[in-house]
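Notes follow once the structure below has been shown.
Chains as they are written, first to last, in the working numbering: chain A, 1 to 602; chain B, 1 to 207.
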């Protein structure tokens, strides 16, 4: 064996070893196609090396031609794998160039097998043995060229163009890794292809006496690539150590914070859960075996929503926050954030028991609603006298009309026109009394908050109608200035009425001591924030230091009253996404304003 | 003297209450006049016409109590029946002190209201009668000279002619002449009648 033989055998063996190594890696990580392509490339290079060895040792022209012919098959494979590798691993190179390279290469193989003795030679007439120093010898062919030979060169040129383009793309990406890869791989590839090209051209036209060195050139490229792949593999090992650490840490923090961690692999339908998650979902022994089993743990009312959310994040990626109940006794509320990795078909979840928080929140809301209701009832209680008057007026009219009608009818010649008119008035007044009671009942009702589109002017008008008698009896003159067209806003009519009743009552109380000129100004207007309502009085005003204090609970300037009215008003307005504040009037006349955003909601 | 048809006035800011009252009063045979505000009432009010006033207590602007005060200040004897939707005791007391004849809480039954109207008209009639008598007395006394008035005062004090003459520094005969003139001018037939006349003329018109 000459040193040339040893070199080529070693080359083939190392190439094959590298290939097998990557095949092994690919088998455990099917998604990383680069390893498979690398295996194909290095495997093919090993085969090319074998054929080259055969060519060197060819005894006859026919043997040489046969070996060269078959060498083109693995060579085509190596080229295609290389193109695939560049595209899949570096995500560079134009698709159409890649396709062109592969198609031309495939055509070359077909022509290689069908025309002439191989794609290079139509006929090899003789072979000449060249002997190098050290006793190594190899065969050099001579004969007529295959006319399709140029197509093979076109293929090489296309490959070169593809690689140059890919390298430029990598370079332009700009980050350090991409630039290094551009140099290492792109540059190396280009260099080697140039070598092969020059060698081929030299051999056929310049009468260079060298063995074919396609396999060593390709191997050089493969090694360059292998360096990158190997670095990645090393990084993966480091990452796996880091991952173990971080997994340990996350488990520790999950235990401390009582967080339930779980994940689901949609491809294998496998669940992983930490112990807290198993406890939370009521599966103490093992995680669920399927998504169905997992969903069974969720309350039937929430199951559909959770299932849909998982499906949605799995198809679109991203994350979603869910709140649902689990079928435990007693029912537990769980808050969960799920996050999906679409490419790995995995869903991860962090869950937390929020039953206590929910209960406290609900109790708080209930208390607030009760307080709001009580404050409303209290406000109406202060209005009781006036409200009785509002009902007594129509009742008085009804009674007078009815008794007048009786008297008219008792006359020998009844005035039927008068009777008819009286009855019509009775009907009208009865409706009026009914409407007052209806409004009162609505205000006193302890109902759910209902947000509906409403015109604030309607609410203002209705409240002033309800309080008309109170305002009259207190000698208050009301001036209204309502913006003609206001955008509808979303709110609870009753609660907003409550705010207005409170503000108007406060204004009246503030004017209690004024002997004359008790004036109430109610205005609505559109502002950039939404709709503003202002209630101005001509009373004693509010000192600047108290402008904010009056909204605190149990702060009151009245002898009777809890001092909850304004505090509740502010809570209501805030719940509508608006603001309530008091304006100026240090010595005389205060104005309270509130703004509600258009389309406000709680 | 003719007996004029009494007019029942009603003031209320609520038009439907006003319509009901108007109809009820008409069905009971009265002549109602209704007004939606104090101003409208004063614009048409004739204090000489016999009648009464049904008045709503709570009204915007000039309320019932202020209207009543204005009536009293103008010397009117028109009796007031108050109606209220929210009768509280202090207001009632104030209204009654100010001379209201009745105070009712809405809704009020027709019998009660019409009885009150009847009482009020009767009272108005009496007041107007009294007023006429007084006016007559005042007119009769108005013809006396200053000297005769002095003699008249002493007569009312129960002094005899002699005593009067002494008090005025004159003779009894002169006093007798003055006395005859007084009896003639006041058309009184006796001293007792003269005393009654003086009493009537002094009274303020209130019962």
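From the three backbone atoms N, C-alpha and C, an ideal C-beta is built for every residue, glycine too.
Contact of residue 59 (chain B) with chain A by beta-carbon distance below 9 Å involves 472.
CA-CA distance, residue 304 (chain A) to residue 549 (chain A), rounds to 49 Å.
In the DSSP annotation of this structure, the continuous segment of the alpha helix (DSSP H) that includes residue 181 (chain B) starts and ends at 172-185. Nothing from the stretch 499-527 of chain A brings a Cβ to less than 7 Å from some Cβ of chain B. Contact check for residue 212 (chain A) against residue 82 (chain A) fails: the beta carbons are separated by 8 Å or more. When the beta-carbon positions are compared, residue 404 (chain A) and residue 379 (chain A) stay at least 8 Å from each other. For residue 66 (chain B), the enclosing alpha helix (DSSP H) has its first and last residue at 64-73.
Listed in chain order, the beta strand (DSSP E) elements of length 3 or more contained wholly in the stretch 342-414 of chain A are 346-353. Leaving aside the five residues that flank residue 142 (chain A) on each side, the residues in its chain whose CB is nearer than 8 Å to its CB run, in chain order, 124, 125, 126, 127 and 128.
A residue is called buried when at least 16 other Cβ atoms come within 10 angstroms of its Cβ; residue 159 (chain A) meets this threshold and is buried. Listed along chain B, the residues sitting closer than 8 Å to residue 428 (chain A) by beta-carbon distance are 16.
At least one CB atom of chain A sits nearer than 8 Å to the CB of residue 23 (chain B). The three-state secondary structure of residue 174 (chain A), taken from DSSP, is coil.
In the structure shown, residue 93 (chain B) falls within a helical segment according to DSSP collapsed to helix, strand and coil.
Residue 276 (chain A) has its alpha-carbon roughly 7 Å from the corresponding atom of residue 261 (chain A). Rounded to the nearest whole angstrom, the CA to CA distance from residue 22 (chain B) to residue 469 (chain A) is 22 Å. Around the beta carbon of residue 344 (chain A), fewer than 16 other beta carbons lie within 10 angstroms, which makes this residue exposed. In this model, residue 547 (chain A) and residue 583 (chain A) are separated by some 7 Å (Cα to Cα).
The count of Cβ pairs closer than 8 Å, one atom from the stretch 233-245 of chain A and one from the stretch 321-333 of chain A, stays below three, leaving the stretches out of contact. Within chain B, the residues 23, 26 and 27 have their CB atoms less than 9 Å from the CB of residue 408 (chain A), given in chain order. When secondary structure is reduced to three states using DSSP, residue 30 (chain B) falls in the coil class, being assigned neither helix nor strand. Listed in chain order, the alpha helix (DSSP H) elements of length 4 or more contained wholly in the stretch 266-349 of chain A are 275-280, 291-296 and 300-316. Fewer than three pairs of CB atoms, one per stretch, sit closer than 8 Å, so the stretch 404-414 of chain A makes no contact with the stretch 117-126 of chain B. Residue 292 (chain A) is classed as exposed because its beta carbon has fewer than 16 other beta carbons within 10 Å across all chains shown. Contact of residue 106 (chain B) with chain A is assigned, a C-beta pair being separated by under 8 Å. Ranked by Cα distance from residue 334 (chain A), the first of A:579, A:279 and A:113 is A:279.
Just so you know, the alpha carbons of residue 214 (chain A) and residue 77 (chain A) end up roughly 13 Å apart. Annotation for residue 537 (chain A): no alpha helix (DSSP H) segment contains it, though the beta strand (DSSP E) segment containing it runs 530-537. Checking the DSSP bridge columns, you'll see residue 52 (chain B) partnered with B:8. Nearest Cα to residue 381 (chain A) within the set A:505, A:91, A:551 and A:568: A:505. Taking 4 residues as the minimum length, the alpha helix (DSSP H) runs contained wholly in the stretch 93-169 of chain B are 110-142, 146-156 and 161-168, in order along the chain. Taking the Cα positions, residue 332 (chain A) is about 11 Å away from residue 282 (chain A). Assigned with DSSP and collapsed to three states, residue 592 (chain A) falls in strand. Under the DSSP assignment, residue 229 (chain A) falls outside any beta strand (DSSP E), being part of the alpha helix (DSSP H) whose first and last residues are 214-257. Three or more Cβ pairs closer than 8 Å define a contact, and the stretch 571-582 of chain A falls short of that threshold against the stretch 353-360 of chain A.
In the three-state reduction of the DSSP assignment, residue 149 (chain A) falls in the helix class, which pools H, G and I.
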